[in-house]
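A.B. asks: Numbering (full-length UniProt numbering), first residue to last: 1 to 166. This structure is in structure tokens; I'll ask about it shortly.
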């Protein structure tokens, strides 16, 4: 049985950066480890999901089911996804035996300052999408196994190390 590490947070929170560093550590010790990123998964699934709240929920459930399947096959899965829905996280806890939920929490002020994809300033074509936390309501994780405050006080490597110790 593999472990699923569900790394969640808003766009620009640092999920992918931290997740990739954690993946590198895991892969070295456990070769049966895979890295899944929400943006990449959208493409893998043929960009068949939009950005409304309901479409996001359906998309997140696809990710959850994929992670559960891989975990049952003995894979360690590191999945970095916004997926800010209690119902999805509840499903994960009920259906994935070895499930670790990591919430990468960042202030809106920090997200606006970073604005790597132009989502928060609206300077890219992404502005046409509904942005989680601004246009689409999010449900903050209520009982994550780990909260990573990622406002810049610690490096991504230090954050990844906290997951490793989880």
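Quick reminder that beta carbons are idealized off the backbone N, C-alpha and C, glycines included.
Roughly how many angstroms separate the alpha carbons of residue 123 and residue 111, rounded to a whole number?
C.D. replies: Counting from 1 along the chain shown, the entry for residue 123 is found at position 123. Counting from 1 along the chain shown, the entry for residue 111 is found at position 111. No answer about residue 123 holds up, because its pLDDT of 44 lies below 50 and its placement is not dependable.
A.B. asks: Could you tell me the alpha carbon to alpha carbon distance between residue 106 and residue 151, rounded to whole angstroms?
C.D. replies: As a first step, residue 106 is located in the chain shown; it is residue number 106 there, counting from the start. As a first step, residue 151 is located in the chain shown; it is residue number 151 there, counting from the start. Roughly 6 Å separates the two Cα atoms.
A.B. asks: Output yes or no for whether 9 Å exceeds the beta carbon distance between residue 62 and residue 19.
C.D. replies: Working through the chain shown from its first residue, we reach residue 62 at position 62. Working through the chain shown from its first residue, we reach residue 19 at position 19. Cβ atoms of residue 62 and residue 19: not closer than 9 Å.
A.B. asks: Who are residue 99's beta bridge partners in DSSP?
C.D. replies: Locating residue 99 in the chain shown gives position 99, where the first residue counts as 1. Looking at the DSSP assignment, residue 99 forms a beta bridge with 4.
A.B. asks: Do residue 34 and residue 92 count as a contact pair if the criterion is CB distance below 9 Å?
C.D. replies: Counted from its first residue, the chain shown places residue 92 at position 92. Counted from its first residue, the chain shown places residue 34 at position 34. Contact flag unset, no.
A.B. asks: Counting C-beta neighbours from all protein chains within 10 Å, is the total for residue 8 16 or more, i.e. buried, or is it exposed?
C.D. replies: If you number the chain shown from 1, residue 8 lands on position 8. It counts as buried.
A.B. asks: Tell me residue 76's beta-bridge partners as DSSP assigns them.
C.D. replies: Here residue 76 refers to the residue found at position 76 of the chain shown. DSSP lists 33 as partners of residue 76.
A.B. asks: Is the region 89 to 104 in contact with the region 12 to 29, if contact means three or more CB pairs nearer than 8 Å?
C.D. replies: Enough Cβ pairs lie closer than 8 Å, so yes.
A.B. asks: Can you find the residues in the same chain that come closer than 6 Å, C-beta to C-beta, to residue 55, ignoring five residues on each side of it along the sequence?
C.D. replies: Counting from 1 along the chain shown, the entry for residue 55 is found at position 55. Hits under 6 Å: 49.
A.B. asks: Please classify residue 160: is it buried, with 16 or more other beta-carbons within 10 angstroms of its beta-carbon, or exposed?
C.D. replies: Here the question's residue 160 lines up with position 160 in the chain shown. With 16 or more other Cβ atoms within 10 Å, it is buried.
A.B. asks: Which two residues bound the contiguous alpha helix (DSSP H) that contains residue 163?
C.D. replies: Here residue 163 refers to the residue found at position 163 of the chain shown. Here the alpha helix (DSSP H) through residue 163 covers 156 to 164.
A.B. asks: Let's see if you can read the secondary structure: which residues bound the beta strand (DSSP E) around residue 148?
C.D. replies: If you number the chain shown from 1, residue 148 lands on position 148. It spans 146 to 149 - the beta strand (DSSP E) in which residue 148 sits, taken as one unbroken run.
A.B. asks: Just tell me which of 40, 21, 53 has its CA closest to the CA of residue 84.
C.D. replies: Locating residue 84 in the chain shown gives position 84, counting from the first residue. For the residues 40, 21, 53, the minimum Cα distance to residue 84 belongs to 53.
A.B. asks: Kindly indicate which three-state DSSP category residue 81 falls into: helix, strand or coil?
C.D. replies: As a position in the chain shown, residue 81 is number 81, starting the count at 1. Three-state result, residue 81: strand.
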